[in-house]
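Heads up: take any position in the sequence shown, counting from 1, add 672, and you land on the working numbering.
Heads up, the beta-carbon is just placed ideally off N, CA and C, and yes, glycines get one too.
Some notes on the structure that comes next.
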Amino acid sequence: MNFIKIILIAIGLVLAAMLAFSVIGIVYSALWYLFLLGIVAVGGAVGYKLLVKDKESMRLEDNTPITIAEMKDADRALEEYKRKYLPK
673 MNFIKIILIA IGLVLAAMLA FSVIGIVYSA LWYLFLLGIV AVGGAVGYKL
723 LVKDKESMRL EDNTPITIAE MKDADRALEE YKRKYLPK
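What follows is the structure, given as structure tokens:
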């Protein structure tokens with residue numbers, strides 16, 4: 673009877689060790705993916721800061737709305753450009 677208890681305890685310890693190693697592996701891989709995601713996020717933020725130097729031009733509130741008169745002028749200018757530069 674004692675021999676069976678020793679074998680069952682050994683099997684339980686092996687299974688507990690395997691479970692512990694699997695949990696450690698899952699935690700390690702989750703931390704690794706978070707680390708890689710952080711590197712990508714930092715790279716994206718730095719790239720955005722380098723590419724967008726003038727934040728004032730990105731704001732939409734300061735732009736004036738286009739009036740219909742300006743659109744007619746744009747149509748007239750487009751027709752002039754078509755006449756001048758496009759071959760017939």
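Residue i to residue j span [Cα, whole Å]
i: residue 691; j: residue 718; result: 41 Å
i: residue 705; j: residue 697; result: 12 Å
i: residue 714; j: residue 702; result: 18 Å
i: residue 682; j: residue 708; result: 39 Å
i: residue 686; j: residue 695; result: 14 Å
Coil, strand or helix - residue i by DSSP
i: residue 754; result: helix
i: residue 673; result: coil
i: residue 721; result: helix
i: residue 745; result: helix
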